[in-house]
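Using the UniProt record's numbering, read the sequence shown as starting at 1 and increasing by one per residue.
Read through the structure below, which is laid out as structure tokens, and then see the notes.
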Amino acid sequence: MSNTQSTRTKLQALIQELIPLAEKYEEPATGAFGLEDPLITKTKQLLTQAQSPTDYATSLMVSSLEAICLRTLLHLNVLQAIPTTGNVTLADLSNKTNIQPSLLERLLRVPVSTNFLAQDPTSGAYSHTHLSLAFTDPSSMPSRLFPFIYDEGLGGLMPLLPQYLTHQHAQTGKWEEPGASRDSTRYNIETWHAGVEGEKTAFEVMEMDPVRMERFQKAMGIGEHLNPVVGYYDFSKLSNPNDPSHPILVDVGGGQGLALSAILQAHPTLKPTQCVLQDTHPVLTLAQTTNPANLPHGMTYQPHDFFAPQPIAGARAYYLKAIAHDLSDTNLVLVLKRIVEVMERDSRVLIAENVLPEVGGGGIMALMDLMMMGIGGKERTEGGFRDVLERAGLVVEGVHRAGGGRRYAVVEARLK
Ligand SMILES: C[S@@+](CC[C@H](N)C(=O)[O-])C[C@H]1O[C@@H](n2cnc3c(N)ncnc32)[C@H](O)[C@@H]1O
1 MSNTQSTRTK LQALIQELIP LAEKYEEPAT GAFGLEDPLI TKTKQLLTQA
51 QSPTDYATSL MVSSLEAICL RTLLHLNVLQ AIPTTGNVTL ADLSNKTNIQ
101 PSLLERLLRV PVSTNFLAQD PTSGAYSHTH LSLAFTDPSS MPSRLFPFIY
151 DEGLGGLMPL LPQYLTHQHA QTGKWEEPGA SRDSTRYNIE TWHAGVEGEK
201 TAFEVMEMDP VRMERFQKAM GIGEHLNPVV GYYDFSKLSN PNDPSHPILV
251 DVGGGQGLAL SAILQAHPTL KPTQCVLQDT HPVLTLAQTT NPANLPHGMT
301 YQPHDFFAPQ PIAGARAYYL KAIAHDLSDT NLVLVLKRIV EVMERDSRVL
351 IAENVLPEVG GGGIMALMDL MMMGIGGKER TEGGFRDVLE RAGLVVEGVH
401 RAGGGRRYAV VEARLK
């Protein structure tokens, strides 16, 4: 069989497989994240099979550019200026946005080429597709997620990965993960890019820009929508009403307290007076002034560097959400050891994170993992969590998965 014939046979087989998948296709839930319908997975296989390597290289370049154009269009409020129904000419769009027509035309050419936006082939007028329309609602998941991920790494830092690795190789003689043989909180793409390599951590770089810090902390709320905080771990078992002075829940690096707030709301038996929110001083100041999580009165706000000795001894649980993935294995072990030093037999460490499968994991997990690489962190498999917990003197008691096809889980650990 010639190559073309064998490709045709494979394409026909894939198309046959698409038909039953199309019959079972479900409209994705709003905000569903990384839960790819089998129809989409199979369609991508079909496309890959049909593409030549040159087609593939072309689409790769175009989709990278599409992200840049889309970020720029959002920045300039262009998508919002396209009517939700009907279409708009270039001249009208230019008048509405006060943007030079030729700049607009050139920025819009890419998203039109990918069918993200529609363009009338005769008049050239632009209209929305269901995809672009979603980006006009500032509260929609795409509008919240894409600019955040783009601004926090995808657009600026990740494209520097080849240069960063070359720079690191010149210093260490090794091709390795950022900071693998140094302190990865201070040696990573973010700190190198900011010109403070070895001096500040990635989060200290962020704190140098209060506007960015506030935007980042606000954006943490997106996580609650993508991966619910409650519903798969029974936090109510931490309750200890007989000893009201006993700390029950310490949220280590808890940011604005969004997770703590969700936990307290879902488990009214937990007393706020027995809960502690720890983070850096600037972040807690922001949390107290803006209180976006609507945290109840009575809980303690405690500035604390999680590399320093843990000031709350014997709490029922030390909760770390989206902390482990900011850290290398070495640094995570250091942070966990600070907690281990003050744990009692009934104390637990609760790590809330995505748990990668041992093999693969899909595009969005790969993206999150590389985003974390930018600041010296990483996503982990269950085996990866077991390993760091073991090195810190802990043992896994359970992996409580969020379910619904999500990778998210609470990894519960106790003293060995
Ligand atoms: C990705 S955010 C997660 C926040 C929160 N746990 C959540 O899930 O919304 C990481 C948090 O760790 C905090 N952080 C970073 N380095 C820290 C340190 N050395 N000590 C304490 N908190 C730190 C940051 O200020 C930030 O709020």
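Beta carbons are placed, not taken as given, at the ideal position from N, Cα and C, and that holds for glycine.
Which residues does DSSP list as the beta-bridge partners of residue i?
i           : result
residue 400 : 410
residue 303 : 279
residue 354 : 408
residue 128 : 117
residue 380 : 355
residue 395 : 414
residue 335 : None, per the DSSP bridge assignment.
residue 88  : 126
So what does DSSP say about residue i, is it helix, strand or coil?
i           : result
residue 256 : coil
residue 9   : helix
residue 317 : strand
residue 348 : strand
residue 326 : helix
residue 250 : strand
residue 62  : helix
residue 270 : coil
residue 76  : coil
residue 230 : coil
residue 196 : coil
residue 342 : coil
residue 375 : coil
residue 111 : helix
residue 290 : helix
residue 100 : coil
residue 312 : coil
residue 164 : helix
residue 169 : helix
residue 157 : coil
residue 148 : helix
Output the distance between the C-alpha atoms of residue i and residue j, rounded to the nearest integer angstrom.
i           : j           : result
residue 80  : residue 108 : 13 Å
residue 114 : residue 60  : 11 Å
residue 190 : residue 169 : 17 Å
residue 186 : residue 205 : 10 Å
residue 143 : residue 133 : 10 Å
residue 329 : residue 365 : 18 Å
residue 38  : residue 21  : 7 Å
residue 414 : residue 257 : 24 Å
residue 31  : residue 136 : Unreliable positioning characterises residue 31 in this predicted model, as indicated by a pLDDT of 49, which lies under 50. The coordinate reading is nonetheless provided below. Roughly 15 Å separates the two Cα atoms.
residue 232 : residue 408 : 10 Å
residue 300 : residue 116 : 47 Å
residue 129 : residue 118 : 6 Å
residue 16  : residue 51  : 18 Å
residue 214 : residue 166 : 33 Å
residue 410 : residue 350 : 6 Å
residue 369 : residue 122 : 44 Å
residue 252 : residue 220 : 15 Å
residue 270 : residue 84  : 46 Å
residue 263 : residue 250 : 12 Å
residue 372 : residue 363 : 14 Å
residue 177 : residue 376 : 8 Å
residue 11  : residue 46  : 6 Å
residue 240 : residue 76  : 52 Å
residue 5   : residue 26  : 33 Å
Out of the options, which one is the CA nearest neighbour of residue i?
i           : options            : result
residue 184 : 393, 221, 332, 231 : 332
residue 91  : 165, 83, 102       : 102
residue 306 : 166, 326, 316      : 326
residue 298 : 387, 286, 275, 76  : 275
residue 360 : 380, 13, 344, 375  : 380
residue 234 : 319, 75, 171, 390  : 319
residue 322 : 255, 100, 344, 290 : 255
residue 112 : 222, 131, 345, 174 : 131
residue 14  : 25, 48, 3          : 48
residue 384 : 324, 363, 371      : 324
residue 302 : 127, 278, 291      : 278
Say the cut is 6 Å; is the CB of residue i nearer than that to a heavy atom of ligand 2?
i           : result
residue 254 : Ligands displayed in this structure: ligand 1; ligand 2 is not among them.
Does any residue of chain B bring its CB to less than 7 Å from the CB of residue i?
i           : result
residue 260 : No chain B is part of this structure, which consists of one protein chain only.
Meets three-Cβ-pair contact criterion under 8 Å: the segment 153-162 and the segment 243-250: Between the segment 153-162 and the segment 243-250 there are fewer than three inter-stretch CB-CB distances shorter than 8 Å, so the stretches are not counted as touching.
So, do the segment 195-210 and the segment 218-230 have three or more beta carbon pairs nearer to each other than 8 Å? Short answer: they don't touch.
With a threshold of 8 Å, are at least 3 pairs of Cβ atoms found where one atom belongs to the segment 401-416 and the other to the segment 353-371? Yes, the segment 401-416 touches the segment 353-371.
Counting Cβ pairs closer than 8 Å, one from the segment 150-158 and one from the segment 53-69, do we hit at least three? They touch, by the three-pair rule.
Would you call the segment 335-345 and the segment 283-297 touching, i.e. three or more CB-CB distances under 8 Å? With a cut-off of 8 Å, the segment 283-297 and the segment 335-345 do not count as touching, because too few Cβ pairs lie within range.
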